[in-house]
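Letter by letter, the sequence shown follows residues 28 to 444 in my numbering.
As structure tokens, the structure follows; a few thoughts come after it.
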Amino acid sequence: MSFKDVIVIGGGAAGFFAAINIAEQSPSLKVAILERGTEGLQKVKVSGGGRCNVTHAEFIPQELIKHYPRGEKELLGPFHQFMTGDTMEWFEKRGVELKIEDDGRMFPVSNSSQTIIDCFLTEAKKHQVEILYNHSVKSIKKVEDAWKLDTSQGDFSTKKLLIATGSNPKIWNLLEKLGHTISQPVPSLFTFDIKDERIKNIPGVVAQNVTVKLLNNFSPLEGEMSRRDREVLESEGPLLITHVGMSAPAILKLSAFGAIELAKRNYKFEIEINFIKQSFEDCLDVLKELKHGLAKKTVFKFAHFDLPKRLWQNLVLASDINQETRWADLNKNQLETLASQLTQAIFKVDGKSTFKEEFVTAGGVDLKEINFKTFESKLHKNLYLAGEVINVDAVTGGFNFQNAWTGAYIAAKNIAH
Ligand SMILES: Cc1cc2nc3c(=O)[nH]c(=O)nc-3n(C[C@H](O)[C@H](O)[C@H](O)COP(=O)(O)OP(=O)(O)OC[C@H]3O[C@@H](n4cnc5c(N)ncnc54)[C@H](O)[C@@H]3O)c2cc1C
């Protein structure tokens, strides 16, 4: 049996961040990370397309929490303790400069996730954090005041235990045995599979600012939807047409806020898209003006409402307007159909695909069972939980890592002192 003052299970984002901060703040403690893999930080490595979207340039806690479909209420307090500005400062103090991109996402200036990994490995070494790879934790037991761990390479004992194992079903099972409730895990952050003439043959086309609404046409389920789900099942932002359907923030946000509802529907549902963010009536007025102003021009040829030309053309064809039709020749029905295609186009979604830049799992340890002032379990003293193991997840943009840094930092502070 090997004894450590503090054991962190999981050498991922939250685990490394916590272990380093504990060892730095309390150098007398023997801190060890038990990681089941031959290497740690594997998700950090592939994150953000290999660039690691470390956090997001949102510096107001009340605004930051809005990006968390699960955890919004609970993270407000923690963000007052440690949030995006603190993350920037933490990395910059250790030689990692971060940059802000136009959409607010923050990356290391090197554009390489390896910079973050190198920083963690250097800091861990500097503060004598012991990293034990190939140590998969098989059981967790409380014996009097100590935690006993059975791993693939022997037994360990510790006073303080931090679990940072991400979305790992085996550890969730062990936590259930310790009395914790686990919210059913379902995927979040995915793209929508859509087969439709209107988006066929135009992959790569982006509509810059759209609204996407989940249609509530499955009435038997409506009763089960929480009030909050109902409120948020609409999102806005850029929309990307892909080879298999649709992606980009407008879609990914809906996949995150609707994660539970969409899983219930087995990823078969309908969405309504407003491509131009105008009402049907306003759009129709504009089309009527165009009918007079551009009478002799063909409708098909030039895009309007700042839409990409190929998307405009597909929507025109979908409105029963052929390539030669001139604006002057449009009848009332065609004008209304075009206005409808532009502002309330309905698409059938038939499945989901992985968004390669980032994906997470919604679900994990029930938030009611965690003290968010310390990230300690409310059921067990000296048991801390941080990162994706708890039922927190966010939309894409660096928010998921921010949850890992915040939880890990606060848990570390409390463990160290
Ligand atoms: C492809 C991809 C790209 C992403 N990009 C971004 C991004 O750019 N920005 C962002 O904010 N978020 C991103 N995310 C999400 C982000 O990676 C996670 O939210 C974050 O890694 C969670 O950190 P964690 O420490 O809780 O879990 P993880 O990073 O998953 O770490 C958990 C660790 O625990 C170990 N472990 C599990 N079970 C055991 C066990 N029984 N014994 C010992 N060790 C165990 C695992 O091997 C792993 O190393 C991305 C996710 C993916 C999949």
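For each residue, glycine too, the CB sits at the ideal point set by N, CA and C.
Checklist entry - Do you know whose CA, among L103, H207, I437, S274, lies nearest K395's CA? => result Working through the sequence shown from its first residue, we reach residue 395 at position 368. Ranked by how close their Cα comes to the Cα of K395, the residues L103, H207, I437, S274 have H207 in first place.
Checklist entry - Per the contact definition of three or more C-beta pairs closer than 8 Å, is the region 89 to 98 in contact with the region 60 to 68? => result No, because fewer than three Cβ pairs between the region 60 to 68 and the region 89 to 98 fall closer than 8 Å, the two stretches do not touch.
Item to check | Contained alpha helix (DSSP H) runs [length at least 4] in the region 260 to 320, N- to C-terminal order | outcome: The region 260 to 320 contains these whole alpha helix (DSSP H) runs: 276 to 284, 286 to 291, 307 to 320.
Checklist entry - Looking at M115 and H83, is the spacing between their C-beta atoms short of 8 Å? => result Here residue 83 corresponds to residue number 56 of the sequence shown, with the count starting at 1. Here residue 115 corresponds to residue number 88 of the sequence shown, with the count starting at 1. No. Outside cutoff.
Item to check | Contact belief for P386 with A40 at Cβ below 8 Å, rounded distance in angstroms | outcome: Position 359 of the sequence shown, counting from 1, holds the residue named residue 386. Position 13 of the sequence shown, counting from 1, holds the residue named residue 40. A quick correction: the sequence has Phe, not Pro, at residue 386. Taking the Cβ atoms as the reference, F386 lies roughly 14 Å from A40, outside the contact range of under 8 Å.
Next on the checklist: Suppose contacts are defined by Cβ-Cβ distances below 8 Å. Is V237 in contact with L266 by that definition?
Outcome noted: Reading the sequence shown from its first residue, position 210 is the one you call residue 237. Reading the sequence shown from its first residue, position 239 is the one you call residue 266. Note that the C-beta distance between V237 and L266 is below 8 Å.
Checklist entry - If we ignore side chains and look at the alpha-carbon of each, how far apart do D182 and M28 end up? => result The residue you call residue 182 lines up with position 155 of the sequence shown. The residue you call residue 28 lines up with position 1 of the sequence shown. When rounded, the distance between both Cα atoms is 5 Å.
Checklist entry - Taking only runs of the alpha helix (DSSP H) that begin and end inside the region 211 to 243, which ones reach a length of at least 4 residues, in chain order? => result If we require 4 residues or more, the region 211 to 243 turns out to have no alpha helix (DSSP H) run fully inside it.
Checklist entry - How would you write the range of the beta strand (DSSP E) that F134 sits in, first residue to last? => result What you label residue 134 is simply residue 107 of the sequence shown in a count that begins at 1. Counted as a single uninterrupted DSSP element, the beta strand (DSSP E) harbouring F134 occupies residues 132 to 135.
Checklist entry - Closest by CA to K57, which one among G64, T269, I47? => result Translated into positions along the sequence shown, residue 57 becomes position 30. Comparing alpha-carbon positions, the option among G64, T269, I47 lying closest to K57 turns out to be I47.
Item to check | Chain-order list of residues whose beta-carbon lies under 6 Å from that of L166 (same chain, five-residue window excluded) | outcome: For the purposes of this step, residue 166 is taken as residue 139 along the sequence shown, with counting starting at 1. Note on identity: in this sequence residue 166 is Ser, with Leu being the wrong assignment. Its chain contains D177 as the residues whose beta carbon lies nearer than 6 Å to that of S166, once the 5 sequence neighbours on both sides are disregarded; these appear in chain order.
Item to check | Contact test: S74 Cβ vs ligand 1 heavy atom, cutoff 7 Å | outcome: Indexing the sequence shown from 1 puts residue 74 at position 47. At a threshold of 7 Å, S74 counts as near ligand 1, since its beta carbon sits closer than that to one of the ligand's heavy atoms.
Next on the checklist: So within the region 85 to 145, which uninterrupted beta strand (DSSP E) runs reach at least 3 residues, ignoring any that extend past its ends?
Outcome noted: List check, beta strand (DSSP E) in window: 125 to 127, 132 to 135.
Checklist entry - Does at least one heavy atom of ligand 1 sit under 7 Å from the Cβ of T269? => result Working through the sequence shown from its first residue, we reach residue 269 at position 242. Checking the 7 Å criterion, the Cβ of T269 is out of range of every heavy atom belonging to ligand 1.
Checklist entry - Just the Cα atoms here: how many angstroms apart are I49 and L281? => result Here residue 49 is taken as the residue at index 22 of the sequence shown, counted from 1. Here residue 281 is taken as the residue at index 254 of the sequence shown, counted from 1. Cα to Cα, the separation comes out at about 37 Å.
Checklist entry - To which residues of the same chain is Q235 closer than 8 Å at the C-beta, ignoring the five residues directly before and after it? => result What you label residue 235 is simply residue 208 of the sequence shown in a count that begins at 1. Here the set comprises P265, D333.
Checklist entry - Got a sec: does ligand 1 put a non-hydrogen atom nearer than 7 Å to the Cβ of N418? => result The residue given as residue 418 occupies position 391 in the sequence shown. Set against 7 Å, the gap from the CB of N418 to the closest heavy atom of ligand 1 is not smaller.
Checklist entry - Looking only at its own chain, which residues have a Cβ that is under 8 Å from the Cβ of A221, when we skip the five neighbours before and after it? => result For this step, residue 221 is matched to residue 194 along the sequence shown. Contrary to the premise, residue 221 reads as Ile rather than Ala in this sequence. So the qualifying residues of the chain are V271, G272, M273, F374, K375, V376, D377.
Next on the checklist: Quick check: what's the CA-CA separation for N441 versus E403?
Outcome noted: As a first step, residue 441 must be located in the sequence shown, where it is residue number 414. As a first step, residue 403 must be located in the sequence shown, where it is residue number 376. Counting only the Cα atoms, E403 lies some 9 Å from N441.
Item to check | P88 versus F106 - alpha carbon distance | outcome: Within the sequence shown, numbered from 1, the residue matching residue 88 stands at position 61. Within the sequence shown, numbered from 1, the residue matching residue 106 stands at position 79. If I take the Cα positions, the gap works out to 6 Å.
Next on the checklist: Contact between the region 308 to 322 and the region 352 to 371 is defined here as three or more beta-carbon pairs at a separation below 8 Å; is this criterion met?
Outcome noted: By the Cβ test, the region 308 to 322 is in contact with the region 352 to 371, since at least three Cβ pairs between them sit closer than 8 Å.
Checklist entry - Distance, Cα to Cα, S346 vs K227? => result Walking along the sequence shown from the start, residue 346 turns up at place 319. Walking along the sequence shown from the start, residue 227 turns up at place 200. Rounded to the nearest whole angstrom, the CA to CA distance from S346 to K227 is 15 Å.
Next on the checklist: Is any non-hydrogen atom of ligand 1 found closer than 7 Å to the C-beta of N427, if you look at the structure I gave you?
Outcome noted: In the sequence shown, counting from the first residue as 1, residue 427 sits at position 400. Checking the Cβ of N427 against ligand 1 gives yes.
Item to check | Residue span of the alpha helix (DSSP H) that contains S163, given as start and end | outcome: Locating residue 163 in the sequence shown gives position 136, counting from the first residue. Run containing S163: none; DSSP gives neither H nor E here.
Next on the checklist: Determine whether the beta carbon atoms of T388 and P276 lie at a separation below 8 Å.
Outcome noted: The residue given as residue 388 occupies position 361 in the sequence shown. The residue given as residue 276 occupies position 249 in the sequence shown. Cβ distance not < 8 Å, so T388 and P276 don't count as in contact.
Checklist entry - Can you pull the DSSP bridge partners for R353? => result Indexing the sequence shown from 1 puts residue 353 at position 326. DSSP output for R353 lists T325 as bridge partner(s).
Next on the checklist: Alpha carbons only, please: which of K295, D113, F284 is nearest the one belonging to E99?
Outcome noted: Position 72 of the sequence shown, counted from the start, is the residue given in the question as residue 99. Ranking K295, D113, F284 by Cα distance to E99 puts F284 first.
Next on the checklist: With H, G and I counted as helix, E and B as strand and the rest as coil, what does DSSP make of I47?
Outcome noted: Taking the first residue of the sequence shown as 1, we reach residue 47 at position 20. I47: helix per DSSP, three-state reduction.
Checklist entry - Unbroken beta strand (DSSP E) runs of length 3 or more, entirely within the region 368 to 428: which are they? => result Here the runs fully enclosed are 372 to 377, 379 to 381, 387 to 392, 410 to 412.
Item to check | C-beta contact flag for N138 and R78 at 8 Å | outcome: For this step, residue 138 is matched to residue 111 along the sequence shown. For this step, residue 78 is matched to residue 51 along the sequence shown. In this structure, N138 lies near R78, with their beta-carbon atoms less than 8 Å apart.
Checklist entry - Considering only residues of the same chain and omitting the five flanking positions on each side of K405, which have a CB-CB separation below 6 Å? => result Numbered from its first residue, the sequence shown carries residue 405 at position 378. Closer than 6 Å at the Cβ level, and outside the excluded window around K405, lie E396, N398.
Checklist entry - So S74 is in the alpha helix (DSSP H); what residue range does that whole segment cover? => result In the sequence shown, residue 74 corresponds to position 47, counting from 1. Element bounds for S74: 69 to 77.
Next on the checklist: Here's the rule: buried if 16 or more other CB atoms are within 10 angstroms of the residue's CB, otherwise exposed. What is G250?
Outcome noted: For the purposes of this step, residue 250 is taken as the residue at position 223 of the sequence shown. Any reading at G250 needs caution, since the residue's pLDDT is 48, under 50, leaving its predicted position unreliable; the model's value is listed next. Around the beta carbon of G250, fewer than 16 other beta carbons lie within 10 angstroms, which makes this residue exposed.
Next on the checklist: Nearest by alpha-carbon distance to D420: which of A431, Y294, I229, A372 is it?
Outcome noted: For this step, residue 420 is matched to residue 393 along the sequence shown. It is A431.
Next on the checklist: Nearest by alpha-carbon distance to K324: which of L357, K295, R97 is it?
Outcome noted: For this step, residue 324 is matched to residue 297 along the sequence shown. Nearest C-alpha to K324 among L357, K295, R97: L357.
Checklist entry - Considering only the beta carbon of each residue, do P230 and I268 sit closer than 8 Å? => result Here residue 230 refers to the residue found at position 203 when the sequence shown is read from its first residue. Here residue 268 refers to the residue found at position 241 when the sequence shown is read from its first residue. Yes, the Cβ-Cβ distance between P230 and I268 is below 8 Å.
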